[in-house]
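Student:
Chains as they are written, first to last, in the numbering used here: chain A, 1 to 104; chain B, 1001 to 1490.
(1) For the putative contact between residue 1074 of chain B and residue 1025 of chain B, defined by C-beta atoms under 8 Å, what is the C-beta separation to the nearest angstrom?
(2) With a Cβ-Cβ cutoff of 9 Å, do residue 1195 of chain B and residue 1266 of chain B count as a contact?
(3) Which residues in the same chain have their Cβ closer than 8 Å to the Cβ of residue 1102 of chain B, if we skip the five residues on either side of it in sequence?
(4) Just list the residues that DSSP pairs residue 1127 of chain B with in beta bridges.
(5) Which value, in whole angstroms, describes the spacing of the CA atoms of residue 972 of chain B and residue 1348 of chain B?
(6) What are the uninterrupted segments assigned as alpha helix (DSSP H) that are 4 or more residues long and contained completely in the segment 1369-1430 of chain B, given in chain order?
(7) Determine whether the Cβ of residue 1177 of chain B lies closer than 9 Å to any Cβ atom of chain A.
(8) Cβ closer than 7 Å: which chain B residues qualify as neighbours of residue 1 of chain A?
(9) Please decide whether residue 30 of chain A counts as near chain B, where near means a Cβ-Cβ distance under 9 Å.
(10) Just the chain A side, please: which residues come within less than 8 Å of residue 1268 of chain B by C-beta, in chain order?
(11) Could you please give the first and the last residue of the uninterrupted alpha helix (DSSP H) stretch that includes residue 1006 of chain B?
(12) Taking contact to mean at least 3 C-beta pairs separated by less than 8 Å, is the segment 1053-1064 of chain B in contact with the segment 1080-1096 of chain B?
(13) Look at the alpha carbon of residue 15 of chain A and the alpha carbon of residue 1226 of chain B, and state the distance between them as a whole number of angstroms.
(14) Does residue 1309 of chain B pass the burial test, meaning 16 or more other C-beta atoms within 10 Å, or should it be called exposed?
(15) Can you name, in chain order, every residue of its own chain whose Cβ lies under 7 Å from the Cβ of residue 1231 of chain B, other than the five neighbours on each side?
(16) Under 9 Å between the Cβ atoms of residue 1068 of chain B and residue 1076 of chain B?
(17) Can you pull the chain B residues whose beta carbon is under 7 Å from the beta carbon of residue 87 of chain A, in chain order?
(18) Give the secondary structure of residue 1069 of chain B by DSSP, where H, G and I count as helix, E and B as strand, and everything else as coil.
(19) Any C-beta of chain A sitting closer than 9 Å to the C-beta of residue 1522 of chain B?
(20) Exposed or buried, what is residue 1455 of chain B when buried is set at 16 or more other beta-carbons lying within 10 Å of its beta-carbon?
(21) If you reduce the DSSP assignment to three classes, tell me which class residue 1366 of chain B lands in.
(22) Does any C-beta atom of chain A lie closer than 9 Å to the C-beta of residue 1146 of chain B?
(23) Residues of chain A with a CB under 8 Å from the CB of residue 1189 of chain B: which are they?
(24) Could you give the distance in angstroms between the alpha-carbon of residue 1264 of chain B and the alpha-carbon of residue 1008 of chain B?
(25) In angstroms, rounded to a whole number, what distance separates the CA positions of residue 1457 of chain B and residue 1372 of chain B?
(26) For the alpha helix (DSSP H) holding residue 1550 of chain B, just list the boundary residues, first then last.
(27) Identify whether residue 25 of chain A lies in helix, strand or coil by the three-state DSSP scheme.
(28) Applying a beta-carbon distance threshold of less than 8 Å, which residues of chain B neighbour residue 74 of chain A?
(29) Any beta carbon from chain A within less than 9 Å of residue 1369 of chain B's own beta carbon?
(30) Quick check: what's the CA-CA separation for residue 1368 of chain B versus residue 1262 of chain B?
(31) Measuring only the C-alpha atoms, how far is residue 1420 of chain B from residue 1190 of chain B?
(32) Check whether the segment 16-25 of chain A touches the segment 1147-1156 of chain B, taking contact to mean three or more Cβ pairs, one atom from each stretch, closer than 8 Å.
(33) Where does residue 1151 of chain B sit, in a helix, a strand or coil, going by DSSP?
(34) Only counting the same chain, and skipping five residues up and downstream in sequence, which positions put a Cβ closer than 6 Å to that of residue 1480 of chain B?
(35) Relative to chain A, which residues along the segment 1217-1248 of chain B have a C-beta separation below 8 Å, given in chain order?
(36) For a cutoff of 9 Å on Cβ pairs, would you count residue 10 of chain A as touching chain B?
Quick look at the structure:
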């Protein structure tokens, strides 16, 4: 198994862990954590493809993509925390199970 | 690649004016506006924001169709220019409705975020490179999450924004992962280079995974079943004008972005849905999404008693028809899809505008609360009549022609006895189901007498009335003269 395959396996595993975390946790902060892990799995993919793949010998496209996506993830975290605070003000906790006003 | 900065500035002067307008709105409110009354602040912010949108629209139309910009990173073709103009018009209508109806705090912030979202939409419409497309999508999405949660006084708004973010964040992660696999397979993030590399190397399991990941994000953005679960909650909980923007401009920009990615970029992996020579590809997956959306949307809407949720399920049903247009874009070009999505956006903004005016006047969100609208406010009832009939696809309104163009293109795409042909027939039959729930709304508004105790007149603010009349007029004009919009494609 070469290094690229190992990296891809690792990133796939991270993506699955993140997905399961995001789907199964009821604490909104932990859900954000899961989404961030999924994003970082994709980032790892970009770096791995850029570093190891013969096709990725072009200029530093993969790395630049990762830099931007880290910035996007930071912006996402900021918006998410603002929304979590907005929810906390109304229901005094951040459990997703209790956010059930909208249904039908 | 040499960067031609004057050319780049020319092509993106519209976006520059949007960002500049955002800064002006915030700066004005911070310095002059904070000493004024809330009404004056709303008016000033909306006028400044409207001016920025208008100048962006004028600049964008003056640049016109110039083809690839910056070595093909952006594509200012007819679809791009048309989508840009349409999202700016939709955002402008949203601002006019907000000016008349919203009683939110922080007017300047609301307008600034609408402008940021419009910047994201208009970049999504022209981006041809994965990185720019991803950034534009995230700019638009993050702005929309904030807009959905803007009403801090209502717990529903916070909950809607949280649910929207939960689905949106996960779909962004799926999209990024799919993009990373595409980059790994082809070594490039340029749509044209990806297409060339995929044609050279053939299909692979990795490509299928990448396709599925990208399509999950697409399904979310278009509110297609089974990724539709956020839509009813967000449409119900968000402030009405935010919901209008989420339902209209965001959908149009997302469809443009994905039709650009799927046909020219991933055209090799299209697959075939004809019965004799079926081969796997994204076409089959999109057909499944389309069928599921048509069924879930139309039958889900039957059970709704809340007008906003009804509009959400109708949006899901329309997403099914729009996905048909995405499939048919292979042979018919994007013109039918664009026309459908743009006129659907107009009708939805109008319908949510009516909801916004009603809620500002204290009329409840249920369909039953519409009773006697024709007496309480003939203007609202008349506009609602046009919007709902356009959504249902009744001639001579624009919704009919959009449906007609998309279904005709879908029938042409694979012939009658193909999956797209069947889907087009299913969509036509389900339009009859749709007519039932649309007419239920109109029956309450136009026929039922006002409930006792709730028969006072409803005052419609000037700006909102203007926006509603403008949207209704556009729907009628585009329905009678569809070539006004379609001529940019010829």
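Note that CB positions come from ideal geometry on N, CA and C, so glycine has one too.
Tutor: Once the coordinates are examined:
(1) Counting from one through the second chain, the residue named residue 1074 of chain B turns up at place 74. Counting from one through the second chain, the residue named residue 1025 of chain B turns up at place 25. Wrong, their Cβ atoms sit about 26 Å apart, outside the cutoff.
(2) If you number the second chain from 1, residue 1195 of chain B lands on position 195. If you number the second chain from 1, residue 1266 of chain B lands on position 266. In this structure, residue 1266 of chain B lies closer than 9 Å to residue 1195 of chain B by Cβ.
(3) As a working note, residue 1102 of chain B is residue 102 in the second chain. Cβ within range, chain order: 1042, 1110, 1239, 1241, 1356, 1360.
(4) Position 127 of the second chain, counted from the start, is the residue given in the question as residue 1127 of chain B. Answer is B:1074, bridged to residue 1127 of chain B.
(5) A question about residue 972 of chain B goes unanswered here, because the residues of chain B that appear run from 1001 up to 1490.
(6) 1373-1376, 1378-1392, 1398-1414
(7) For this step, residue 1177 of chain B is matched to residue 177 along the second chain. Yes, because at least one Cβ of chain A sits closer than 9 Å to the Cβ of residue 1177 of chain B.
(8) Taking the first residue of the first chain as 1, we reach residue 1 of chain A at position 1. Going along chain B, no residue has its Cβ under 7 Å from residue 1 of chain A, so there is no contact; the nearest lies around 16 Å.
(9) As a working mapping, residue 30 of chain A is identified with position 30 in the first chain. Taking Cβ atoms only, chain B never reaches closer than 9 Å to residue 30 of chain A, which makes this a no.
(10) Translated into the one-based positions of the second chain, residue 1268 of chain B becomes position 268. Within chain A, no residue comes near residue 1268 of chain B; the closest Cβ sits about 16 Å away, beyond 8 Å.
(11) For this step, residue 1006 of chain B is matched to residue 6 along the second chain. Taken as a continuous stretch (DSSP letters only), the alpha helix (DSSP H) holding residue 1006 of chain B covers 1005-1011.
(12) yes
(13) Translated into the one-based positions of the first chain, residue 15 of chain A becomes position 15. Translated into the one-based positions of the second chain, residue 1226 of chain B becomes position 226. If I take the Cα positions, the gap works out to 21 Å.
(14) Numbered from its first residue, the second chain carries residue 1309 of chain B at position 309. Per the 10 Å Cβ criterion, buried.
(15) Position 231 of the second chain, counted from the start, is the residue given in the question as residue 1231 of chain B. Cβ within range, chain order: 1223, 1312, 1315, 1316.
(16) Taking the first residue of the second chain as position 1, residue 1068 of chain B is located at position 68. Taking the first residue of the second chain as position 1, residue 1076 of chain B is located at position 76. Yes.
(17) Translated into the one-based positions of the first chain, residue 87 of chain A becomes position 87. Per Cβ cutoff of 7 Å: 1158, 1159, 1162.
(18) As a working note, residue 1069 of chain B is residue 69 in the second chain. In the structure shown, residue 1069 of chain B sits in a strand (DSSP, three-state: E or B).
(19) Absent from the model: residue 1522 of chain B. The displayed extent of chain B is 1001 to 1490, so no value can be given.
(20) Indexing the second chain from 1 puts residue 1455 of chain B at position 455. Result: exposed.
(21) Taking the second chain and counting its residues from 1, one reaches residue 1366 of chain B at position 366. Residue 1366 of chain B: strand per DSSP, three-state reduction.
(22) One-based indexing of the second chain puts residue 1146 of chain B at position 146. Yes - at least one Cβ of chain A is within 9 Å of the one on residue 1146 of chain B.
(23) Here residue 1189 of chain B refers to the residue found at position 189 of the second chain. The contacting residues are 61, 65.
(24) Within the second chain, numbered from 1, the residue matching residue 1264 of chain B stands at position 264. Within the second chain, numbered from 1, the residue matching residue 1008 of chain B stands at position 8. Taking the straight line from one Cα to the other gives about 23 Å.
(25) Here residue 1457 of chain B refers to the residue found at position 457 when the second chain is read from its first residue. Here residue 1372 of chain B refers to the residue found at position 372 when the second chain is read from its first residue. Their backbone Cα atoms lie some 10 Å apart in a straight line.
(26) No statement about residue 1550 of chain B is possible, as the shown extent of chain B runs from 1001 to 1490 and does not include it.
(27) Walking along the first chain from the start, residue 25 of chain A turns up at place 25. Coil at residue 25 of chain A, not helix or strand.
(28) Translated into positions along the first chain, residue 74 of chain A becomes position 74. Result: empty, since nearest Cβ-Cβ is about 11 Å, beyond 8 Å.
(29) Against the second chain, residue 1369 of chain B aligns to sequence position 369. No, its Cβ sits nowhere closer than 9 Å to a Cβ of chain A.
(30) Counting from one through the second chain, the residue named residue 1368 of chain B turns up at place 368. Counting from one through the second chain, the residue named residue 1262 of chain B turns up at place 262. Using only the alpha carbons, I get a separation of about 42 Å.
(31) Counting from 1 along the second chain, the entry for residue 1420 of chain B is found at position 420. Counting from 1 along the second chain, the entry for residue 1190 of chain B is found at position 190. Computed Cα separation, rounded: 29 Å.
(32) no
(33) The residue labelled residue 1151 of chain B in the question sits at position 151 within the second chain. Residue state, collapsed to three classes: coil.
(34) Within the second chain, numbered from 1, the residue matching residue 1480 of chain B stands at position 480. 1396, listed in sequence order.
(35) 1232, 1233, 1236, 1237
(36) Translated into the one-based positions of the first chain, residue 10 of chain A becomes position 10. By this cut-off, residue 10 of chain A is not an interface position.
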